[in-house]
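2 protein chains.
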Amino acid sequence: MAKKSLGARTLAGPLPAWLIGSYDAAGKPNIMTAAWCGICCSKPPEVSVSLRAATYSHAQIMTRRAFTVSVPPASLVREVDFTGLASGREMDKFAASGLTPVRSELVDAPYVAECPLVLECKVVHVHELGLHTQFIGEILDVKAEEAALDAEGRLIPEALAMIAYLGEFRAYFPLGPSIGKSFAIGRELLEKKP
Amino acid sequence: MAKKSLGARTLAGPLPAWLIGSYDAAGKPNIMTAAWCGICCSKPPEVSVSLRAATYSHAQIMTRRAFTVSVPPASLVREVDFTGLASGREMDKFAASGLTPVRSELVDAPYVAECPLVLECKVVHVHELGLHTQFIGEILDVKAEEAALDAEGRLIPEALAMIAYLGEFRAYFPLGPSIGKSFAIGRELLEKKP
Numbered sequence: 006m007a008k009k010s011l012g013a014r015t016l017a018g019p020l021p022a023w024l025i026g027s028y029d030a031a032g033k034p035n036i037m038t039a040a041w042c043g044i045c046c047s048k049p050p051e052v053s054v055s056l057r058a059a060t061y062s063h064a065q066i067m068t069r070r071a072f073t074v075s076v077p078p079a080s081l082v083r084e085v086d087f088t089g090l091a092s093g094r095e096m097d098k099f100a101a102s103g104l105t106p107v108r109s110e111l112v113d114a115p116y117v118a119e120c121p122l123v124l125e126c127k128v129v130h131v132h133e134l135g136l137h138t139q140f141i142g143e144i145l146d147v148k149a150e151e152a153a154l155d156a157e158g159r160l161i162p163e164a165l166a167m168i169a170y171l172g173e174f175r176a177y178f179p180l181g182p183s184i185g186k187s188f189a190i191g192r193e194l195l196e197k198k199p
Numbered sequence: 006m007a008k009k010s011l012g013a014r015t016l017a018g019p020l021p022a023w024l025i026g027s028y029d030a031a032g033k034p035n036i037m038t039a040a041w042c043g044i045c046c047s048k049p050p051e052v053s054v055s056l057r058a059a060t061y062s063h064a065q066i067m068t069r070r071a072f073t074v075s076v077p078p079a080s081l082v083r084e085v086d087f088t089g090l091a092s093g094r095e096m097d098k099f100a101a102s103g104l105t106p107v108r109s110e111l112v113d114a115p116y117v118a119e120c121p122l123v124l125e126c127k128v129v130h131v132h133e134l135g136l137h138t139q140f141i142g143e144i145l146d147v148k149a150e151e152a153a154l155d156a157e158g159r160l161i162p163e164a165l166a167m168i169a170y171l172g173e174f175r176a177y178f179p180l181g182p183s184i185g186k187s188f189a190i191g192r193e194l195l196e197k198k199p
């Protein structure tokens, strides 16, 4: 298991490919794809979203102190790639992609109607890390499409059809069927601990 | 596409399931599974890893200002779950799981020999976010198993066989075959922009 050095690079995964929603100064809804994101705290519930200062969304989120995370399904992978390629400075990305902005009632930002899962976030910390600014958003609410919920109100993984992103391969990947339950399949090793 | 409120929760994905390596005060190598992680800056290259102060790893990383990220393949899903269940306070998790610690030559932390991809990180920022502390680690090097590289030295996605984690479903998921190339499949929408 010899290992080879690949250098100091941002190479790890899987990463999400989330659509980050914000309003610009004129109130135009905008979205951009971001992969350098994740959950980062449970109490309060918080997400982390890193954006370069050069992006159009960066200034809007800095000003309005709010954003949304729309978690796209695999069926929207083309739109996801598009909103990572285009800039809201030059066009209306909602109109160009055919996606529908919905005004959040909780935060000053729009989310994507076509995404089965959305998070409404207010900015609580801003960390300047270097080329990227890390916005920490407190999650004020999570909303799910009713079609993504079963009769007991539980989310259906297949209805979310989440996308993983691996920058190293410049590619998007779906999730396959579960390979194990957490806090469960490792118990066997726990029981035979030395 | 009516949406239902699910409340303020840490519900989003896909998230990684990374093995975070550190040494304790006695020099014993330890690992724990963490999902609230991600890439967060490109220059300098940085990862974000959020841990509760109650974890055994938290104090070690705070003291030694270093950690590793070992990105596990799907074949280690049982070990991944185990290192999330057990505490290094009570046992030697490397010994109990059968995983092999390798001393990093760059940072004061061990990584997992059996993982095809590892990152060696020094702590450059510590953010107290609430229940979780967010450690920002500068990536000093990425190392890959030679068997995970093709003849041109490029990583092979199938050899990494990364695991995604969805806490909502308490389950681990493999990645399926790619559903699209980034900076590519969205170009069609870019060309027909309004």
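Sequences listed follow chains U and Y, in order.
Residue 6 is where the first sequence starts when you use my numbering, and the numbers rise one by one after that.
Residue 6 is where the second sequence starts when you use my numbering, and the numbers rise one by one after that.
In this text, a Cβ means the ideal position worked out from N, Cα and C, and glycines have one as well.
These figures come from a predicted structure and were not determined experimentally.
State the DSSP-derived secondary structure class of residue i, mapped to helix, strand or coil.
{"i": "residue 184/Y", "result": "coil"}
{"i": "residue 157/U", "result": "coil"}
{"i": "residue 15/U", "result": "coil"}
{"i": "residue 162/U", "result": "helix"}
{"i": "residue 67/Y", "result": "helix"}
{"i": "residue 85/Y", "result": "helix"}
{"i": "residue 136/U", "result": "coil"}
{"i": "residue 79/U", "result": "helix"}
{"i": "residue 194/Y", "result": "helix"}
{"i": "residue 109/Y", "result": "coil"}
{"i": "residue 27/U", "result": "strand"}
{"i": "residue 92/Y", "result": "coil"}
For the candidate residues the options, whose alpha-carbon lies nearest to that of residue i?
{"i": "residue 73/U", "options": "100/U, 93/U and 54/U", "result": "54/U"}
{"i": "residue 137/U", "options": "138/Y, 137/Y, 143/Y and 133/Y", "result": "143/Y"}
{"i": "residue 43/Y", "options": "179/U, 178/U, 90/U and 21/U", "result": "21/U"}
{"i": "residue 76/Y", "options": "181/Y, 191/Y and 162/Y", "result": "162/Y"}
{"i": "residue 38/Y", "options": "112/Y, 13/Y, 71/Y and 84/Y", "result": "84/Y"}
{"i": "residue 68/Y", "options": "27/Y, 192/Y and 193/Y", "result": "27/Y"}
{"i": "residue 97/Y", "options": "11/Y, 139/Y, 33/Y and 169/Y", "result": "33/Y"}
{"i": "residue 57/U", "options": "65/U, 51/U and 145/U", "result": "65/U"}
{"i": "residue 233/Y", "options": "103/Y, 141/Y, 10/Y and 59/Y", "result": "It is not possible to answer for residue 233/Y, since the shown part of chain Y is limited to 6 through 199."}
{"i": "residue 12/U", "options": "11/Y, 50/Y, 25/Y and 101/Y", "result": "50/Y"}
{"i": "residue 24/Y", "options": "7/Y, 167/Y, 152/Y and 9/Y", "result": "167/Y"}
{"i": "residue 192/U", "options": "9/Y, 113/Y, 88/Y and 128/Y", "result": "88/Y"}
{"i": "residue 170/Y", "options": "80/U, 120/U, 150/U and 183/U", "result": "183/U"}
{"i": "residue 71/Y", "options": "99/Y, 52/Y, 59/Y and 194/Y", "result": "52/Y"}
{"i": "residue 59/Y", "options": "151/Y, 100/Y, 110/Y and 135/Y", "result": "135/Y"}
{"i": "residue 119/Y", "options": "129/Y, 147/Y, 105/Y and 130/Y", "result": "105/Y"}
{"i": "residue 149/Y", "options": "86/U, 173/U, 111/U and 81/U", "result": "173/U"}
For residue i, which residues in chain Y fall below 7 Å Cβ to Cβ?
{"i": "residue 48/U", "result": "135 and 136"}
{"i": "residue 141/U", "result": "134"}
Can you pull the DSSP bridge partners for residue i?
{"i": "residue 41/U", "result": "The partner list for residue 41/U (beta bridge, DSSP) is empty, contrary to what the question assumes."}
{"i": "residue 126/Y", "result": "72/Y and 144/Y"}
{"i": "residue 177/Y", "result": "185/U and 170/Y"}
{"i": "residue 33/Y", "result": "DSSP, once it has assigned bridges, lists no residue as partnering residue 33/Y."}
{"i": "residue 8/U", "result": "150/Y"}
{"i": "residue 119/Y", "result": "DSSP lists no partner for residue 119/Y."}
{"i": "residue 56/U", "result": "138/U"}
{"i": "residue 20/U", "result": "170/U"}
Could you name the residues of chain U that residue i contacts, counting a contact when the two beta carbons are closer than 7 Å?
{"i": "residue 167/Y", "result": "18 and 19"}
{"i": "residue 154/Y", "result": "9"}
{"i": "residue 173/Y", "result": "160"}
What does residue i reach in chain Y if we use C-beta pairs closer than 8 Å?
{"i": "residue 185/U", "result": "82, 83, 86, 176 and 177"}
{"i": "residue 102/U", "result": "194"}
Name, please, each residue of chain Y whose Cβ falls closer than 9 Å to the Cβ of residue i.
{"i": "residue 151/U", "result": "6, 7, 8 and 9"}
{"i": "residue 5/U", "result": "Chain U is shown only over 6 to 199; residue 5/U falls outside these bounds and no answer can be derived."}
{"i": "residue 188/U", "result": "86, 89, 90 and 175"}
Output, in chain order, the set of chain U residues within a Cβ distance shorter than 8 Å of residue i.
{"i": "residue 74/Y", "result": "17"}
{"i": "residue 170/Y", "result": "187"}
{"i": "residue 130/Y", "result": "132 and 134"}
Contact the segment 163-180 of chain U vs the segment 185-198 of chain Y: 3+ CB pairs below 8 Å: yes
Sufficient close CB pairs (3 or more, under 8 Å) joining the segment 87-105 of chain Y to the segment 121-134 of chain Y: no
Exercise. Say whether the segment 28-47 of chain U touches the segment 140-160 of chain Y, bearing in mind that this needs 3 or more beta-carbon pairs closer than 8 Å, one atom from each stretch.
Key: no
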